Structures are given as C-alpha cells and as structure tokens.
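Visitor: Residue numbers (our numbering), protein chains in the order written: chain W, 27 to 140; chain Z, 5 to 120.
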Amino acid sequence: EAGVAQSPRYKIIEKRQSVAFWCNPISGHATLYWYQQILGQGPKLLIQFQNNGVVDDSQLPKDRFSAERLKGVDSTLKIQPAKLEDSAVYLCASSSGTGGYEQYFGPGTRLTVT
Amino acid sequence: AQSVAQPEDQVNVAEGNPLTVKCTYSVSGNPYLFWYVQYPNRGLQFLLKYITGDNLVKGSYGFEAEFNKSQTSFHLKKPSALVSDSALYFCAVRVPYGGATNKLIFGTGTLLAVQP
C-alpha cells in the first residue's frame, strides 16, 4: 500500500512570496490533515478535511493560508504572502476513520522563508 | 483545557538498558492516547494506542506503554534500548469535536538518545 505523498520536500522562498504544497493521501482514506511543525514543537493541526468538507480550520491563519481538497482526494495548502514565522515543516496525514485514530503521515515539506 | 504534556525534552539511555519516555494528559471523559515516533527528515510513524482494556499496550519495534488512570499518565517503555531507537517521540490525545469527528493534540516531543 502506497503511503502519503507530499511535494515538494524542500522549499526556500523570500518573505511576501507565495508557495503551495501538495498532498496525496492513502487511497480510500476519507480524512486528511495538514499540520505545521515548528522546530522544537509538536505538530499543530491547521486544517482537517472529511472527504472534501472542512471539519476544523480554527488554527489556520486565514488571512494568508488557504487549503482545498477537491474531489475528496488530494489536497493543496497555500501560503500567500509568506512571513518569516511560517518557516516550518508542513505535514500531511490521512486516516480512514473520522479523525482521532491512527493517522499516517507523509514525509513533510520543509519551508524556509528568508 | 484538554492537553498532553511531555515533561522531558531529552532522555539519554545506554544501549541495552530499559527506557521510559513520560507523558501525562488532561482530557474529559475516557482518554484515547497515542505514541508516534519521528526519525530525522521523516514524517511521524504510529507506534501504539490505548483505547480501552488492558492498561499495558504493546506496539511496534518492541515498545509498550502503560496507561495509569489515577496518575493520568501514558508512559512509553522498552525493556532494552537500541541505538536505532534514537528519535523524537510524540505523545498524543484524541479530542472530540462533537458527533463522530475527532482530532489529535500532540505533545512537544521528547528526544530519545541511545548511546552505544
């Protein structure tokens, strides 16, 4: 079974530029998550999708971050414009249940904003 | 507030010795608890979970965790550490939104360093 795929693996941009991350979850997994992991901290949930609907986006900075999951499969997370404090690893995960059970994580995208 | 705490930033242990990585939680209702491991430049990997039943839960790579309701703890253990166990370990607790949907809240992580 293929795991969660993410691209790119690394991205370096200047502040005020825009960036997009892509995630393809495990086939058949209805729930998809985007996390932000800042160095030295645990993952923080940004947004959770159930199929193509948003379950929770309370921690998503909506003035600059957006995410979509068209057709309930793959997803993109966008930052526009980026700030220095957005430097982090962005993790995508998926699960077959309605959240809170085993989540399977992708390798992450390491974003550096200069 | 529902939360999980990992009081140690780093745990050092010699290879072959037993290891313990500590986790305490605060959650209303019955807790669903998880341990994940993260190797350098990798995503998190699921190790084990406690949902209900036996307080001692066995997981991947020889790890186990002990649920203690009175102490609100869920410590990760292994009888004999390997150098390859060196990684970042995260404890997590399930928090319900309401209805059938839930999310995980992660601790800040504990770096396990196993010396040869």
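For glycine and all other residues, C-beta sits at the position ideal for the given N, C-alpha and C.
A quick note: this is a predicted structure, and the numbers were derived from the prediction, not measured.
Look at the alpha carbon of lysine 26 of chain Z and the alpha carbon of isoleucine 52 of chain W, and state the distance between them as a whole number of angstroms.
Guide: Taking the straight line from one Cα to the other gives about 31 Å.
Visitor: In terms of residue numbering, what span does the beta strand (DSSP E) encompassing arginine 136 of chain W cover?
Guide: Arginine 136 of chain W -> beta strand (DSSP E) spans 135-139.
Visitor: For a test of the three-state rule: what should DSSP assign to lysine 73 of chain Z, helix, strand or coil?
Guide: DSSP places lysine 73 of chain Z in coil when its eight states are reduced to three.
Visitor: Taking glutamine 32 of chain W as part of the beta strand (DSSP E), name the residues at either end of that continuous run.
Guide: Counting along the chain, the beta strand (DSSP E) containing glutamine 32 of chain W begins and ends at 31-33.
Visitor: In terms of DSSP beta bridges, what is alanine 46 of chain W paired with?
Guide: Bridge partners of alanine 46 of chain W: W/Lys104.
Visitor: Going straight from the alpha carbon of leucine 96 of chain W to that of asparagine 78 of chain W, what length do you get?
Guide: Rounded to the nearest angstrom, the two C-alpha atoms are 6 Å apart.
Visitor: Between which two residues does the beta strand (DSSP E) carrying alanine 93 of chain W extend?
Guide: Per DSSP, alanine 93 of chain W belongs to the beta strand (DSSP E) from 91-94.
Visitor: Does the Cβ-Cβ distance between glutamate 128 of chain W and lysine 53 of chain Z come in under 8 Å?
Guide: Yes. Within cutoff.
Visitor: Using Cβ-Cβ distances below 7 Å, what residues of the segment 90-120 of chain W are close to chain Z?
Guide: Listed by position, the residues of the segment 90-120 of chain W near chain Z (Cβ gap below 7 Å) are Leu117.
Visitor: Leaving out five residues before and five after leucine 86 of chain W in sequence, what residues of the same chain have Cβ atoms less than 6 Å from its Cβ?
Guide: Same-chain partners within the cutoff: Leu72 and Ile73.
Visitor: Restricting to Cα atoms, I'd like to know which of W/Gln106, W/Lys70 and W/Ser92 is closest to isoleucine 39 of chain W.
Guide: Checked all of W/Gln106, W/Lys70 and W/Ser92; the closest Cα to isoleucine 39 of chain W is W/Gln106.
Visitor: For the segment 51-67 of chain Z against the segment 105-115 of chain Z, do three or more pairs of beta-carbon atoms, one drawn from each stretch, fall closer than 8 Å, so that the two count as touching?
Guide: Judged by Cβ distances under 8 Å, the segment 51-67 of chain Z makes no contact with the segment 105-115 of chain Z, as fewer than three pairs qualify.
Visitor: Could you give the distance in angstroms between the alpha-carbon of alanine 91 of chain Z and the alpha-carbon of glycine 66 of chain W?
Guide: Their Cα atoms are separated by approximately 13 Å.
Visitor: Using a C-beta cutoff of 8 Å, does phenylalanine 131 of chain W count as contacting chain Z?
Guide: So yes, phenylalanine 131 of chain W belongs to the interface.
Visitor: With a cut-off of 8 Å, do at least 3 Cβ pairs link the segment 112-121 of chain W to the segment 42-56 of chain W?
Guide: Counting Cβ pairs under 8 Å, three or more are found: they touch.
Visitor: Would you kindly work out how many angstroms separate the C-alpha atoms of glycine 111 of chain Z and glutamine 10 of chain Z, rounded to a whole number?
Guide: Straight-line Cα distance between these residues: approximately 6 Å.
Visitor: When Cβ atoms are compared, which residues of the segment 38-68 of chain W fall closer than 9 Å to chain Z?
Guide: Those would be Thr57, Tyr59, Tyr61, Gln63, Gly66, Gln67 and Gly68, in chain order.
Visitor: So if I threshold CB-CB distances at 8 Å, which residues from the segment 47-58 of chain Z count as touching chain W?
Guide: So the close ones are Gly47, Leu48, Gln49, Phe50 and Lys53.
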